[in-house]
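A.B. asks: Dropping the structure in here first, questions after.
Structure follows, in structure tokens:
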């Protein structure tokens, strides 16, 4: 049995339309399936847990990365696999595991790729599957969210980048990485990644892999606001790690402290003074080849 969970408001209603097409295709192929619609924040997690407890082989997420996060949270630790039909604004996680953008190709991808395990993470008591962090990139998300009502894809994030440059000031942070590394000072970005891509296609952590049992942590030294524009090609092109201002670490856990911090957690912005991150290796089954290489 395949359970299809649709967020009818994702993608300004696009997910509802695509979800109906997915259900029609499964019906045409004679594949047993069940369709449910989310009604409020957190509902997708409840629906996914229910589907898993009732023995669904696969739960298909039809929505954006927020819907995916909720469904994955409900499936983590179960034997029910996740499938993704992209129908949101950014659709970042499909780029990480190779799911096609077109809904019918995505259905074929799910049906033709058996389930393989991948890592997830916890930040304090909250689940995440892709990227978390604080700093300049979170300012970008704050501004981008305001633009999402008007445009899709990477364009809201490009607007967010230039708006954030105008308002940027370095952040005082304390970062504990693993059991031995301690950093303290003013930084521009601190990224904690299980996956690699944010903002509708920005490879913020291109060397991250979702099946290595580790978190990738990047801490970026501050530069004057006027200099940030010179680093934009590196940020947008995935080469920031090659710059001297960026420092890369790998660990199973880390902790971030920052006064009045706004934390990005898979695209959701939440206030926090302190955040503890832990990798949960091979905790989620998903339909992907299990061999998607890290981006260069």
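Residue numbers (my numbering): 118 to 413.
Idealized CB from N, CA, C, for every residue including glycine.
Tell me whether the region 273-289 and the region 254-261 touch, counting them as touching only if at least three CB pairs, one residue from each stretch, are closer than 8 Å.
C.D. replies: Result yes; three or more Cβ-Cβ pairs closer than 8 Å.
A.B. asks: To the nearest angstrom, report how far apart residue 380 and residue 153 are at their CA atoms.
C.D. replies: Position 263 of the chain shown, counting from 1, holds the residue named residue 380. Position 36 of the chain shown, counting from 1, holds the residue named residue 153. About 31 Å.
A.B. asks: When the Cα atoms are used, what is the spatial distance from residue 413 to residue 211?
C.D. replies: As a working note, residue 413 is residue 296 in the chain shown. As a working note, residue 211 is residue 94 in the chain shown. A caution first: residue 413 carries a pLDDT of 38, below 50, which makes its placement in the model unreliable, though a value can still be read off. Between residue 413 and residue 211, the C-alpha separation is close to 17 Å.
A.B. asks: DSSP puts residue 218 in a beta bridge; with which residues?
C.D. replies: As a position in the chain shown, residue 218 is number 101, starting the count at 1. BP columns for residue 218 are empty, so no partner.
A.B. asks: Judging by CA-CA distance, which residue of 148, 298 and 205 is the nearest neighbour of residue 370?
C.D. replies: Residue 370 sits at position 253 when you count from the first residue of the chain shown. Ranking the options by Cα distance to residue 370, first place goes to 298.
A.B. asks: Which class does residue 156 belong to by DSSP, given the choice of helix, strand or coil?
C.D. replies: Numbered from its first residue, the chain shown carries residue 156 at position 39. The answer is coil: DSSP assigns residue 156 none of H, G, I, E or B.
A.B. asks: Going straight from the alpha carbon of residue 178 to that of residue 347, what length do you get?
C.D. replies: Along the chain shown, read from residue 1 onward, the residue named residue 178 stands at position 61. Along the chain shown, read from residue 1 onward, the residue named residue 347 stands at position 230. Those two C-alpha atoms are separated by around 38 Å.
A.B. asks: May I ask which residues mark the beginning and end of the alpha helix (DSSP H) holding residue 256?
C.D. replies: Position 139 of the chain shown, counted from the first residue, corresponds to residue 256. Taken as a continuous stretch (DSSP letters only), the alpha helix (DSSP H) holding residue 256 covers 253-264.
A.B. asks: Measure the alpha-carbon distance for residue 188 versus residue 374 and round it to whole angstroms.
C.D. replies: Position 71 of the chain shown, counting from 1, holds the residue named residue 188. Position 257 of the chain shown, counting from 1, holds the residue named residue 374. When rounded, the distance between both Cα atoms is 28 Å.
A.B. asks: By DSSP, does residue 350 sit in helix, in strand, or in coil?
C.D. replies: Walking along the chain shown from the start, residue 350 turns up at place 233. Residue 350 falls in the helix class under three-state DSSP.
A.B. asks: Express the C-alpha separation of residue 245 and residue 394 in angstroms, rounding to a whole number.
C.D. replies: Taking the chain shown and counting its residues from 1, the one referred to as residue 394 is at position 277. Taking the chain shown and counting its residues from 1, the one referred to as residue 245 is at position 128. When rounded, the distance between both Cα atoms is 9 Å.
A.B. asks: Report the option in 151, 286, 289 and 164 whose CA atom is closest to the CA atom of residue 186.
C.D. replies: The residue you call residue 186 lines up with position 69 of the chain shown. That would be 164, whose Cα lies nearest to the Cα of residue 186.
A.B. asks: Quick one: what does DSSP say residue 361 is sitting in, helix, strand or coil?
C.D. replies: Here residue 361 refers to the residue found at position 244 when the chain shown is read from its first residue. Coil, per DSSP.
A.B. asks: Rounded to the nearest angstrom, what separates residue 194 and residue 343 at their Cα positions?
C.D. replies: By 1-based counting over the chain shown, the position of residue 194 is 77. By 1-based counting over the chain shown, the position of residue 343 is 226. Taking the straight line joining both Cα atoms gives about 46 Å.
A.B. asks: Once you ignore the five residues that flank residue 411 on each side, which residues in its own chain have a CB closer than 8 Å to its CB?
C.D. replies: Within the chain shown, numbered from 1, the residue matching residue 411 stands at position 294. Caution applies to residue 411, whose pLDDT of 49 falls short of 50 and renders its modelled position unreliable; the model cannot decide the point.
A.B. asks: Applying the 10 Å Cβ sphere with the 16-neighbour rule, what's the burial state of residue 320?
C.D. replies: Position 203 of the chain shown holds residue 320. Counting Cβ neighbours within 10 Å, residue 320 comes out buried, since at least 16 surround it.
A.B. asks: Can you name, in chain order, every residue of its own chain whose Cβ lies under 6 Å from the Cβ of residue 391, other than the five neighbours on each side?
C.D. replies: On the chain shown, position 274 is the one that residue 391 refers to. Within the same chain, residue 391 has close Cβ partners 374.
A.B. asks: If I'm right that residue 120 touches residue 173 with Cβ under 8 Å, what's the distance once you round it to whole angstroms?
C.D. replies: As a position in the chain shown, residue 120 is number 3, starting the count at 1. As a position in the chain shown, residue 173 is number 56, starting the count at 1. 4 Å between Cβ atoms; contact.
A.B. asks: Using only alpha-carbon positions, find the residue among 386, 339, 400 and 296 that is nearest to residue 458.
C.D. replies: Nothing about residue 458 can be read from this structure; the chain reaches only from 118 to 413.
A.B. asks: Please report the straight-line C-alpha distance between residue 235 and residue 166, rounded to a whole angstrom.
C.D. replies: Start at 1 with the first residue of the chain shown, and residue 235 comes out as number 118. Start at 1 with the first residue of the chain shown, and residue 166 comes out as number 49. If I take the Cα positions, the gap works out to 18 Å.
A.B. asks: Who are the Cβ neighbours of residue 398 in its own chain at under 7 Å, not counting the five residues just before and after it?
C.D. replies: Here residue 398 is taken as the residue at index 281 of the chain shown, counted from 1. Result list for residue 398: 236 and 330, in chain order.
A.B. asks: Closest by CA to residue 157, which one among 118, 295 and 123?
C.D. replies: If you number the chain shown from 1, residue 157 lands on position 40. Cα-wise, what sits closest to residue 157 is 123.
A.B. asks: Going by the CB atoms, is the gap between residue 316 and residue 274 shorter than 7 Å?
C.D. replies: For the purposes of this step, residue 274 is taken as the residue at position 157 of the chain shown. For the purposes of this step, residue 316 is taken as the residue at position 199 of the chain shown. The answer is yes: Cβ separation under 7 Å.
A.B. asks: Just to confirm before moving on: does the CB-CB distance between residue 309 and residue 249 stay below 7 Å?
C.D. replies: On the chain shown, residue 309 is found 192 positions in, with the first residue counted as 1. On the chain shown, residue 249 is found 132 positions in, with the first residue counted as 1. The answer is yes: Cβ separation under 7 Å.
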